[in-house]
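Student:
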Amino acid sequence: MSKQTYRVCLCFSRRFKLAVAEAPEEIRALFNQYSDNGIMTDNHLHRFLIEVQKQEKATLEEAQAIIESLKHLAIFHRKGLNLEAFFKYLFGDNNPPLDLKLGAHHDMTAPISHYFIYTGHNSYLTGNQLSSDCSDVPIINALKKGVRVIELDIWPNSDKDDVEVLHGRTLTTPVQLIKCLRSIKEHAFTASEFPVVITLEDHLTPDLQSKVSKMVTQTFGDTLFSPGSECLKEFPSPESLKRRIIISTKPPKEYLEAKEIKDKESDSQKGNAAPDEEAWGKEILNLKSADDKNELDEDDNDAEEDPGEGDHKLPHDIAPEYKRLIAIPAGKPKGGLEECLKVDPDKARRLSLSEQQLENAAETHGKEIVRFTQRNILRVYPKGIRVNSSNYNPLIGWMHGAQMVAFNMQVCVPKSKD
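According to the UniProt record's numbering, the sequence shown is numbered sequentially starting from 1.
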């Protein structure tokens with residue numbers, strides 16, 4: 001028990017008794033070993049620092065400074081430290097558990113699937129999900145903040161001869177893909193040397209896929225990581241991928257199938273005036289029922305998934321040079337949740353789930369999700385009805401090992417919403 005006195009209002013003093021836990025037997029034994037007659041001198045403390053604390057570079061001056069720093073305590077003894085002072089030192093600010101001079105050490109040599117990755121959602125949007133501008137500026141800002149996963153939704157332009165980035169079937173204004181790629185190249189490693197993953201939501205024809213392949217290879221050159229084989233059994237480590245650009249995309253849907261759907265919708269709209277709720281098109285219509293989905297299916301029409309996505313194997317009509325760009329293949333296999341979470345020892349892949357899908361899956365398949373994320377990558381994105389670019393609670397995703405919990409970084413919503 002120690003006592004301390006404080007001046008109050010410059011008129012009188014108040015004395016407080018501070019209850020201090022007694023030193024346990026292990027501490028008493030150490031103190032007795034490095035003290036004489038109940039006093040630990042600077043020489044004793046110096047030996048303790050080297051032999052017990054393993055501070056091999058500790059000096060006698062440092063030991064003297066420690067003793068000096070305890071002068072303000074009533075338990076201070078002018079020749080050194082008694083047991084109570086020594087106990088206070090061990091658990092005080094002068095004895096941190098880590099050597100702050102050495103800094104933190106992070107082992108980055110495990111597969112990239114073993115790490116949480118700072119991930120953006122619709123990284124090109126400047127504001128809300130329906131009517132804001134698309135630009136490379138939010139991408140630059142995200143990279144400067146340390147974001148390591150940039151999402152780009154790529155679509156044909158109006159003339160079908162070039163590629164634009166925009167949130168499809170909304171009123172967002174597009175930005176050229178090449179502008180986004182060049183900005184990524186310039187700012188990718190401003191905040192960190194660890195790899196940048198570009199996730200592409202692909203809505204292109206094979207000829208435009210070939211054009212994207214040329215853009216990507218010409219823009220990034222040797223910094224682009226391309227796997228030696230078609231499928232990776234295990235993802236490389238962040239350490240081995242420093243200053244590399246990685247492309248990840250799900251299997252693009254067949255262009256003729258998409259065109260057929262679009263033509264049917266166009267023909268239908270010519271004969272009938274579209275109700276207000278259908279004015280946004282099929283994608284926005286489905287956002288209303290996003291919370292009601294309790295199961296995954298192969299025709300998941302959430303804002304992040306395309307109809308007819310099927311197995312994660314790439315269709316045969318894809319431009320081969322485009323296919324070779326994909327280092328992290330993505331997609332949902334045919335079947336239900338069990339099929340999605342199956343672990344293939346010969347193929348590492350990425351799976352995307354909405355926040356609602358993850359919550360539902362976690363209730364019934366929590367262990368399977370954790371097992372899946374040990375070798376594969378799980379990306380979780382905000383549900384489609386968050387049109388104001390709000391965010392969700394990422395804890396459920398992190399608890400189940402989701403490496404890419406995607407956040408809206410748009411400036412219009414600085415705070416997250418649960």
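Glycine is no exception: its CB is placed at the ideal position from the N, C-alpha and C atoms. No experiment lies behind these values; they were computed from the predicted model shown.
Could you tell me which uninterrupted alpha helix (DSSP H) segments, each at least 4 residues in length, are contained entirely in the segment 145 to 212, listed from first to last along the chain?
Tutor: Counting whole runs of 4 or more residues, the segment 145 to 212 contains the alpha helix (DSSP H) stretches 177 to 187.
Student: Which residues in the same chain have their Cβ closer than 7 Å to the Cβ of residue 420, if we skip the five residues on either side of it in sequence?
Tutor: Since the first residue shown for the chain is 1 and the last is 418, residue 420 is missing from the structure and cannot be characterised.
Student: Expressed to the nearest angstrom, what Euclidean distance is found between the alpha-carbon atoms of Pro345 and Ala65?
Tutor: In a straight line, the C-alpha of Pro345 is about 57 Å away from that of Ala65.
Student: On the criterion of 16 or more Cβ atoms from any shown chain inside 10 Å, does His105 qualify as buried, or is it exposed?
Tutor: When all chains shown are included, His105 counts as exposed.
Student: Can you name, in chain order, every residue of its own chain whose Cβ lies under 8 Å from the Cβ of Arg148, other than the five neighbours on each side?
Tutor: Here the set comprises Ile117, Tyr118, Thr119, Ser192, Phe194, Pro195, Val196 and Val197.
Student: Note down the Cα distance separating Glu56 from His46, rounded to an integer number of angstroms.
Tutor: Taking the straight line joining both Cα atoms gives about 10 Å.
Student: Considering only heavy atoms of the ligand MG, does any lie closer than 7 Å to the CB of Phe194?
Tutor: With respect to the ligand MG, the structure shown offers nothing to examine, as it has no ligands at all.
Student: Going by CA-CA distance only, name the one from Pro238, Ile247 and Thr199 that's closest to Gly221.
Tutor: When each option's Cα is compared against that of Gly221, the closest is Ile247.
Student: Please classify Gln403 as buried or exposed, where buried requires at least 16 neighbouring CB atoms within 10 angstroms.
Tutor: When all chains shown are included, Gln403 counts as buried.
Student: Can you tell me which of the three DSSP states Gly120 falls into?
Tutor: Gly120 falls in the strand class under three-state DSSP.
Student: Go ahead and label Phe91 buried or exposed: buried means 16 or more other beta carbons lie within 10 angstroms of its beta carbon, across all protein chains shown.
Tutor: The residue is exposed, with fewer than 16 neighbouring Cβ atoms inside 10 Å.
Student: Would you list the one or two residues that DSSP bridges to Pro329?
Tutor: Thr249, per the DSSP bridge assignment.
Student: Taking the beta strand (DSSP E) that Tyr381 falls in, what are its first and last residues?
Tutor: From DSSP, the beta strand (DSSP E) with Tyr381 extends over Ile377 to Tyr381.
Student: DSSP three-state call for Cys340: helix, strand or coil?
Tutor: Three-state result, Cys340: helix.
Student: Helix, strand or coil for Val387, going by three-state DSSP, please let me know.
Tutor: Three-state DSSP puts Val387 in coil, outside helix and strand.
Student: Please list the terminal residues of the continuous beta strand (DSSP E) segment that includes Leu351.
Tutor: Leu351 -> beta strand (DSSP E) spans Arg350 to Ser354.
Student: Among Ser354, Trp398 and Asn391, which has the Cα closest to the Cα of Phe407?
Tutor: If we check each option's Cα against that of Phe407, Asn391 comes out closest.
Student: To which residues does DSSP link Ile39 through a beta bridge?
Tutor: Asp36.
Student: What does the alpha-carbon distance come out to for the pair Gly401 and Gly146?
Tutor: Those two C-alpha atoms are separated by around 20 Å.
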